[in-house]
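J.: The structure's right below; bear with me while I get my questions together.
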Amino acid sequence: TSSSTAITLLGCGTWISWQGQGPDVVRVALTFGLAVATVVWIFSHISGGHVNPAVTIAALFTRRVSIIRGILYIVAQVVGGIVGAGILYGLTPSVKQGNLGSNVLNVNVSAAQGFGVELIVTFVYVLAVFSSLDDKRTDLRGSSPLTIGLAVVVCHLFAIPYTGASLNPARSFGPALIMDVWENHWVSTE
Numbered sequence: 358t359s360s361s362t363a364i365t366l367l368g369c370g371t372w373i374s375w376q377g378q379g380p381d382v383v384r385v386a387l388t389f390g391l392a393v394a395t396v397v398w399i400f401s402h403i404s405g406g407h408v409n410p411a412v413t414i415a416a417l418f419t420r421r422v423s424i425i426r427g428i429l430y431i432v433a434q435v436v437g438g439i440v441g442a443g444i445l446y447g448l449t450p451s452v453k454q455g456n457l458g459s460n461v462l463n464v465n466v467s468a469a470q471g472f473g474v475e476l477i478v479t480f481v482y483v484l485a486v487f488s489s490l491d492d493k494r495t496d497l498r499g500s501s502p503l504t505i506g507l508a509v510v511v512c513h514l515f516a517i518p519y520t521g522a523s524l525n526p527a528r529s530f531g532p533a534l535i536m537d538v539w540e541n542h543w544v545s546t547e
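Going letter by letter, the sequence shown gives residues 358 to 547 in the working numbering.
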């Protein structure tokens, strides 16, 4: 719960416009990537790096996690996304909240295109998680959390102009619920 809370609070907080300027894409991408790297570093010994329902669902399909544990992880991740968005809502003046980082399709992007973008970036993210946390790989020498975080940064840099870059259904559900922003929400929940 606390990992999804931190990712949602910190990442979605970068979408807030303070000085009349829109959010900076690089700042948003770096914050999400570094937040994911940080919580993976902190919590991977507890949950195996399950900070995203997409990763947990992939782990269920590949039998890396039991059904019960997978369901509990997903529930905790979604609750964490709601809590993170709720804290951000409480900390942010109402005139600055906007949509609180809810994923919204670019007006020039169709739902099918947005879904395709989210499918691709989520696949890249999940692949980075599985590759970097694979204990059978002896060729890896770097930091798994940093690798995962950098994958999040790259995926955000690509996807933000299209969809606002979800990659994480729990992170997207929290702000959507708190701000009641549901249009094309299914696109960002792959």
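Where is the CB? At the ideal position from N, CA and C, for every residue including glycine.
Classify G447: buried if its beta carbon has 16 or more other beta carbons within 10 angstroms, exposed otherwise.
T.: Taking the sequence shown and counting its residues from 1, one reaches residue 447 at position 90. When all chains shown are included, G447 counts as exposed.
J.: If you count every other CB in all the chains shown that lies within 10 Å of the CB of I477, and 16 or more means buried, which is it?
T.: What you label residue 477 is simply residue 120 of the sequence shown in a count that begins at 1. I477 should be labelled exposed.
J.: I need the DSSP call for W372, collapsed to helix, strand or coil.
T.: Residue mapping note: residue 372 aligns to position 15 of the sequence shown, counting from 1. Looking at W372 - three-state DSSP - the assignment turns out to be coil, as it is neither helix nor strand.
J.: So what does DSSP say about W398, is it helix, strand or coil?
T.: Within the sequence shown, the letter at position 41 stands for residue 398. If DSSP states are grouped into helix, strand and coil, W398 belongs with the helices.
J.: Who are the near neighbours of V393 in its chain, counting only those whose CB is closer than 7 Å to its CB and skipping five residues on each side?
T.: Taking the first residue of the sequence shown as position 1, residue 393 is located at position 36. Same-chain partners within the cutoff: I364, V408, I505, G506 and V509.
J.: Kindly indicate the opening and closing residues of the alpha helix (DSSP H) around A442.
T.: Indexing the sequence shown from 1 puts residue 442 at position 85. Segment I424 to L448, the alpha helix (DSSP H) holding A442.
J.: Considering only the beta carbon of each residue, do P410 and A527 sit closer than 7 Å?
T.: For this step, residue 410 is matched to residue 53 along the sequence shown. For this step, residue 527 is matched to residue 170 along the sequence shown. Yes. Within cutoff.
J.: So, for G521: in the same chain, excluding its five sequence neighbours on each side, which residues have a beta-carbon less than 7 Å away from its beta-carbon?
T.: Locating residue 521 in the sequence shown gives position 164, where the first residue counts as 1. For G521, where only same-chain residues beyond five positions count, the Cβ hits under 7 Å are N460 and V461.
J.: Return helix, strand or coil for R420, following the three-state DSSP convention.
T.: Taking the first residue of the sequence shown as 1, we reach residue 420 at position 63. R420: coil per DSSP, three-state reduction.
J.: In its own chain, which residues sit with a C-beta less than 8 Å from the C-beta of T449, not counting the 5 before and 5 after it?
T.: For the purposes of this step, residue 449 is taken as the residue at position 92 of the sequence shown. Taken in chain order, the residues that qualify are G370, I373 and L457.
J.: Looking only at its chain, what residues have a beta carbon closer than 6 Å to the beta carbon of L503, apart from the 5 residues adjacent to it on each side?
T.: Counting from 1 along the sequence shown, the entry for residue 503 is found at position 146. Once the five neighbours on either side are set aside, the close Cβ partners of L503 are A394.
J.: Within 10 angstroms of its Cβ, does G425 collect 16 or more other Cβ (buried), or is it exposed?
T.: Indexing the sequence shown from 1 puts residue 425 at position 68. It should be noted that the sequence gives Ile, not Gly, for residue 425. Under this definition I425 is an exposed residue.
J.: For D491 and S451, what's the separation of their Cα atoms in angstroms?
T.: Translated into positions along the sequence shown, residue 491 becomes position 134. Translated into positions along the sequence shown, residue 451 becomes position 94. Going from the Cα of D491 to the Cα of S451 covers about 44 Å.
J.: Give every residue of the same chain whose Cβ lies closer than 7 Å to the Cβ of L366, excluding the five residues on either side of it in the sequence, and list them in chain order.
T.: Here the question's residue 366 lines up with position 9 in the sequence shown. Cβ within range, chain order: G441, I444 and L445.
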